[in-house]
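Below: the structure, in structure tokens.
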Amino acid sequence: MSSSLIPASPQPVLFGGSGFIGSHVAEQACASGLRPATPVRTTNAFLTALRLPQTIIDFNDDRALIHSIAGHEVVYSCLANPRRHQPLAALCDVEVHLTKRLIRAAAAAGARRFVLLSTVMVYGFTRPPRAIDECWPPAPDHPYTRVALEREQQAHAAADAVGIELVIVRPSNVLGQRDHQMARLLEAFRRGFFPLFGREAWQFSAIDARDLGRAILFLGQHPPAAGQTWLVSGYDTSWRALHAALQRITGRPAYPLVIPRGAARALGQLIEWGYPYRWEPGLTRFSVDVMSHHTLFDAGKLAATGFVTRYGLEDSLRAMILETAVDR
């Protein structure tokens, strides 16, 4: 049967459900009564535990992509290269080229909407310390963030060419279970220290991964979301406040290891040069910039739709502590 003749299913398709953010989209979908189809490269234990239908496909086969989407109206893409320390070509393979192919496959399969997970890091770090909204022009200043912006631009071009609705989601810093990046920070805390770059209380906007999962699903179903970019954020905090909250929740002290920002970036650059691409270094210029700039965001546009977040900083940290047993 032609894909265009398969009756549309109210259940969505989720790509990237085995990843950090995608797993939370899958989890929140199940909590809301949805059972998204989850095309995967290999069977994933977390998705199996959720009892979601998994289909192993060859992501290099456009026909397989079309077949996996056929009969579904909404496609969620949370695909990303889990390693940022990669050659540009490797980053582009997933972030840009696969995204374009997915959009074309979604249109060919008869899907109505494509929801693309992006990042607020496309705004770069040459931005004011106050909260900015979707109108602020992107200015990426790292290879990873430049590729992220190119992905958005190519997604717009592909969606316009095939006539499918495109929704772009830019979440602020995401805190929650199954985050390997934050797990490193919690491991440092467990060892008795907490790295801080410079002496300023750098503020940032964040969102609990569970709320982000809910927001992504909401934007896939909200009719006016089509053709727009959406900032998603839940609360504002600082790295010093996060350190204090961890001490308060666990009852354990951790020495604030204050490192001058310039020295940290120089060390990060040396580590990047020395690390082979198959490794993911814990300290890079990008990770230093994330923790040494004010990165506040105004998600008022999303709030105006009636969407309300449920979790705050301590909720996020308690969930992560439970997973990593950092208080033991």
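Numbering (my numbering), first residue to last: 696 to 1023.
All C-beta atoms in this analysis are idealised placements derived from N, C-alpha and C, irrespective of residue type, glycine included.
Smallest Cα separation from R956: which of Q942, H938, L978?
It is L978 whose Cα lies nearest to the Cα of R956.
Determine the burial state of N739: buried for a count of at least 16 other Cβ atoms within 10 Å of its Cβ, exposed for fewer.
Buried, because 16 or more other Cβ atoms sit within 10 Å of the Cβ of N739.
By DSSP's criteria, V953 is part of a beta bridge. Which residues make up the other side?
V953 pairs with L891.
Please work out which residues of its chain come closer than 8 Å, Cβ to Cβ, to Y839, disregarding the five sequence neighbours upstream and downstream, and give them in chain order.
The answer, listed in chain order, is R779, L786, M816, F981.
Spatial neighbours of P824 in its chain, beta-carbon cut-off 6 Å, leaving aside the 5 residues before and after
Hits under 6 Å: H989.
Taking the Cβ atom as the reference point for each residue, do D993 and A854 lie within a distance shorter than 8 Å?
Result no, Cβ atoms of D993 and A854 do not sit closer than 8 Å.
F820 (DSSP reduced to helix, strand or coil):
When secondary structure is reduced to three states using DSSP, F820 falls in the coil class, being assigned neither helix nor strand.
Enumerate in chain order the residues of its own chain whose CB-to-CB distance from A806 is below 8 Å, with the five nearest sequence positions on each side excluded.
Counting only Cβ-Cβ distances below 8 Å, and skipping sequence neighbours, we find V708, I764, H767, E768, V769, V770, I859.
Contact set for A803: own chain, Cβ-Cβ below 6 Å, skip 5 residues either direction
Closer than 6 Å at the Cβ level, and outside the excluded window around A803, lie I761.
Comparing C-alpha positions only, which one of L891, P748, A939 sits nearest to A958?
Checked all of L891, P748, A939; the closest Cα to A958 is L891.
Among residues of its own chain, excluding the 5 on either side of D874, which ones have a beta-carbon nearer than 6 Å to its beta-carbon?
For D874, where only same-chain residues beyond five positions count, the Cβ hits under 6 Å are F715.
With three or more beta-carbon pairs closer than 8 Å as the criterion, would you say the stretch 1005-1012 touches the stretch 920-931?
Because the criterion of three Cβ pairs below 8 Å is met, the stretch 1005-1012 and the stretch 920-931 touch.
Answer yes if the stretch 863-879 comes into contact with the stretch 898-906, meaning at least three C-beta pairs across the two stretches below 8 Å, and no otherwise.
Touching, per the Cβ criterion.
What do you get for G717, buried or exposed, if any count of 16 or more other CB atoms within 10 angstroms of its CB means buried?
Classification for G717: buried.
Report all residues from its chain with a CB closer than 8 Å to the CB of Q942; omit the five preceding and five following residues, and keep chain order.
Hits under 8 Å: P948, A949.
Three-state class that DSSP yields for Q749 in the structure shown:
Strand at Q749.
Per DSSP, the bridge partner or partners of N868
BP columns for N868 point to A901.
Considering only their Cβ atoms, is the gap separating V720 from I911 smaller than 8 Å?
If you check the CB distance, I911 and V720 come in under 8 Å.
In chain order, which alpha helix (DSSP H) runs of at least 4 residues are fully inside the stretch 776-851?
Taken in chain order, the unbroken stretches of alpha helix (DSSP H) that lie wholly in the stretch 776-851 and span 4 residues or more are 783-787, 794-803.
Expressed to the nearest angstrom, what Euclidean distance is found between the alpha-carbon atoms of C725 and A843?
One Cα belongs to C725, the other to A843, and the distance between them is close to 28 Å.
Pop quiz: I1016 and T924 are said to be a contact at Cβ under 8 Å. What is the actual Cβ separation, rounded to whole angstroms?
Not quite, the Cβ-Cβ distance comes to about 33 Å (not below 8 Å), so this is no contact.
Distance between L952 and A940 (C-alpha atoms, nearest Å)
Distance from the CA of A940 to the CA of L952, rounded to the nearest whole angstrom, comes to 16 Å.
In the DSSP assignment, what are the bridge partners of G992?
At residue 992 the sequence reads Phe, which differs from the Gly that was named. According to the DSSP secondary-structure assignment, F992 is paired through a beta bridge with I827.
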